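Here is the structure we will look at.
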Amino acid sequence: MRFCLAVPTYWTHPGGVGKEEVIYDHPTPLDAPGTLARFLDSLRDLSGPQMQVVIVAAAVAETLAEAVEERLCSILASLPLSCQPLLFSYSHLKKLHSFCRGRGCGDFCGLLSLSGYASIRNLTLVLANLLTAEVLVSLDDDEMLVQSDYLARIEEDYTMLAKDYEKFGLGGLYENPDGGILAAEPTDPWSFWWPKIRWMNQAWSELAAPDANLRLTPLALGGNMVLGAPLYRYLPFDPAVVRGEDVDYVINARMFQVPFFLDHKLRVLHDPPAKPHPRWLRLRQDLNRFWYTRQKLLSQESPPSMALVAPEELMPYPGNFLTEDLELRAYRAHTALALEYLEAGEEEDARQTLLNLAVMQTPPPARSVFQTYLDVVLHWRRLQSWLAAPEVREAALAAIWGQV
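Per the working numbering, the sequence shown starts with residue 689, numbered consecutively.
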């Protein structure tokens, strides 16, 4: 079984200070050690089937493109790895765009972007297709692979599920450095109205119950997600999702009657750096994602071979953020956080917090969120089908990397 291990890595200005065109949770400053080398070093003891590692590098601003590529080349050159990773970044994206245009398929370039979590994940799906991977394993650079049989376990799960399903997804868990799987819950007053971590912990606790190894799941983690070729050629991540693209992908798959399963024993060690952004900005990203996904659910139609997905199917998380009380929950949480900022004398942070609520006053788009995503899906399938043709695939690989 041929595996593609795809690892996005996000970078920011030296010192973490500078204009950000795209918000990522914890991008690595160009003058900091970062976590990528640590992740790559964890691959040394990985055993199992044939694999190709692909590093997809992005920055908070495209002005950093050249510096990011130089930094990544330096990191990769410094590590003696048995499986040399392929690097894909801005220069490679330009080559891929030029290839598409040169073949009269420039309309596909809109699907190929290094801006935003979902678009970057989509590039990993494209690269897995070009590399003829039977299975794409989606990882992140703030992790370490600590199970030497990690790929062998995936192969066992995948083979078992493939007996019953043509298309399906598979997810695993994050394990903290202390061995647990739950995140620390905030205790600030605003979090009473926005108990995201509590609901996530509840969901993972239920899914990790020892009575079943593979169980249907309403959510997955982008840093421990497995997609077979029939699925990654069939469905893209929704490029409009600002964060939480992994959970949104599971919802989209459910709409297309594609199940996702969780293997609670399939684990990666997750040890991310601290998030540099203020709480109001992280809350803004959360509200935007839940508001958008709820609009997608509300605007669903029922074409043939599709299913209507309700928040009740996605409980406790993300379903609790997709119900009709989202507005009230958002108003209460943001008001509480703004008061905290005001009491601390942080007036601008309080103002920014309340500005988050403007998303709920935005007029609905002329074309529904659901229909817009369906348009993306159809365009995606044409792109992936075109790239899968042997003569196109070989030419594209040569254009991007030369001989692979």
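C-beta atoms are modelled at their ideal positions from N, C-alpha and C, and glycine is treated no differently.
Note that the structure is predicted; figures quoted are calculated from it, not measured.
* Can you check the region 831-914 for any alpha helix (DSSP H) of at least 4 residues that lies completely inside it and give the ranges in chain order? => 838-850, 878-881, 884-895
* **I808 - containing alpha helix (DSSP H), residue span** => For this step, residue 808 is matched to residue 120 along the sequence shown. Under the DSSP assignment, I808 falls in the alpha helix (DSSP H) whose first and last residues are 805-818.
* Asked: In its own chain, which residues sit with a C-beta less than 8 Å from the C-beta of V997, not counting the 5 before and 5 after it?
  -> Locating residue 997 in the sequence shown gives position 309, counting from the first residue. I939, R942, M943, L985, Q988, listed in sequence order.
* With 16 other Cβ atoms within 10 Å as the buried cut-off, status of C761 -> Locating residue 761 in the sequence shown gives position 73, counting from the first residue. The residue is exposed, with fewer than 16 neighbouring Cβ atoms inside 10 Å.
* To do: Kindly identify the DSSP beta-bridge partner or partners of V742.
  => In the sequence shown, the residue the question calls residue 742 occupies position 54. V742 pairs with A694, L774.
* Asked: Per DSSP, what kind of secondary structure is P717 in: helix, strand or coil?
  -> Taking the sequence shown and counting its residues from 1, one reaches residue 717 at position 29. Reduced to three states, the DSSP call for P717 is strand.
* Of the residues W979, A908, P924, the one placed nearest F948, counting alpha carbons only -> Sequence index remark: in the sequence shown, residue 948 carries index 260 (1-based). Nearest C-alpha to F948: A908.
* Could you check where the beta strand (DSSP E) with L950 kicks off and where it finishes? -> On the sequence shown, residue 950 is found 262 positions in, with the first residue counted as 1. Where L950 is concerned, the enclosing beta strand (DSSP E) stretches over 948-958.
* To do: Determine the contact status of A694 and L849, defining contact as a CB-CB distance below 9 Å.
  => Within the sequence shown, numbered from 1, the residue matching residue 694 stands at position 6. Within the sequence shown, numbered from 1, the residue matching residue 849 stands at position 161. Not in contact: A694 and L849 (Cβ atoms no closer than 9 Å).
* **Residue of P964, P960, Q945 minimising C-alpha distance to M994** => Position 306 of the sequence shown holds residue 994. Checking every option, the nearest Cα to that of M994 belongs to Q945.
* So what does DSSP say about G688, is it helix, strand or coil? -> Since the first and last residues shown for the chain are 689 and 1092, residue 688 lies out of range.
* With a threshold of 16 other CB atoms inside 10 Å of the CB of N1044, please say whether the residue is buried or exposed. => Residue mapping note: residue 1044 aligns to position 356 of the sequence shown, counting from 1. Label assigned to N1044: buried.
* **S826 - DSSP class collapsed to helix/strand/coil** => As a position in the sequence shown, residue 826 is number 138, starting the count at 1. Three-state result, S826: strand.
* Asked: What is the DSSP secondary structure of G916, counted as helix, strand or coil?
  -> Here the question's residue 916 lines up with position 228 in the sequence shown. In the structure shown, G916 sits in a strand (DSSP, three-state: E or B).
* Asked: Taking 8 Å as the cut-off, does the CB of F1058 come closer than this to any heavy atom belonging to the ligand FMN?
  -> Ligands in the displayed structure: none, and consequently the ligand FMN is not present.
* **Of the listed residues E1035, C771, M689, nearest to A840 (C-alpha basis)** => Walking along the sequence shown from the start, residue 840 turns up at place 152. Here the closest residue by C-alpha is M689.
* Asked: Rounded to a whole number of angstroms, what is the C-alpha to C-alpha distance between P906 and D934?
  -> Against the sequence shown, residue 906 aligns to sequence position 218. Against the sequence shown, residue 934 aligns to sequence position 246. Computed Cα separation, rounded: 11 Å.
* Whose C-alpha, out of D828, K884, L813, P898, is nearest the C-alpha of P918? -> In the sequence shown, the residue the question calls residue 918 occupies position 230. The shortest Cα separation from P918 among D828, K884, L813, P898 belongs to L813.
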